[in-house]
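See below for the structure under consideration.
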Amino acid sequence: MMVTQNRPTHEIMDTDAMMVAFLREYGLSGARERARYHVGRCVEAGLEDDAAFWMRVSNQLETLASSDYGPGNLFTPSGQIGPTAGRPG
Numbered sequence: 004m005m006v007t008q009n010r011p012t013h014e015i016m017d018t019d020a021m022m023v024a025f026l027r028e029y030g031l032s033g034a035r036e037r038a039r040y041h042v043g044r045c046v047e048a049g050l051e052d053d054a055a056f057w058m059r060v061s062n063q064l065e066t067l068a069s070s071d072y073g074p075g076n077l078f079t080p081s082g083q084i085g086p087t088a089g090r091p092g
């Protein structure tokens, strides 16, 4: 996803939408890893608000990982969420 606006991530995107996008792109374990990466990147850059945004995303993913739901049980109105959702073949 490319954001062309010159505004911080936390002002453009909400955590639920980002979590779903990460789940679709990377699957649960990959999404957790990427969210943690972004937390660290923002902390190192001194971007407190962005780090807080990514912490919320990371916390939601951790909660999901510790729940009874597995990747095969994740659905949105447009279909199942998975690392290959929306990709041909």
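Residue numbering for the sequence shown is 4 to 92, as defined by my numbering. Backbone N, C-alpha and C define an ideal beta-carbon position, used for all residues, glycine too. The structure displayed is predicted, hence computed values, not measured ones.
(message) At a cut-off of 8 Å, would you count Arg44 as near the ligand COA, judging by its Cβ distance to the nearest heavy atom?
(response) By its list of ligands, the structure shown contains no ligand whatsoever, and the ligand COA lies outside what it can speak to.
(request) For Ser61, count neighbouring C-beta atoms within 10 Å of its own C-beta (all shown protein chains included) and say buried if the count is 16 or more, exposed if not. (result) buried
(message) Here's the rule I'm using: 16 or more other beta-carbon atoms within 10 Å means buried, otherwise exposed. How should Leu53 be labelled?
(response) Correcting the residue type first, residue 53 is Asp in the shown sequence and not Leu. Buried, since its Cβ has 16 or more Cβ neighbours within 10 Å.
(message) Quick check on Arg90: buried or exposed, where buried means 16 or more other Cβ atoms within 10 Å of its Cβ?
(response) Since pLDDT at Arg90 reaches only 48, below the 50 mark, its modelled position is unreliable, and no value is offered.
(request) Could you pull out every residue in the same chain whose Cβ sits closer than 7 Å to the Cβ of His41, ignoring the five residues on either side in sequence? (result) Trp57
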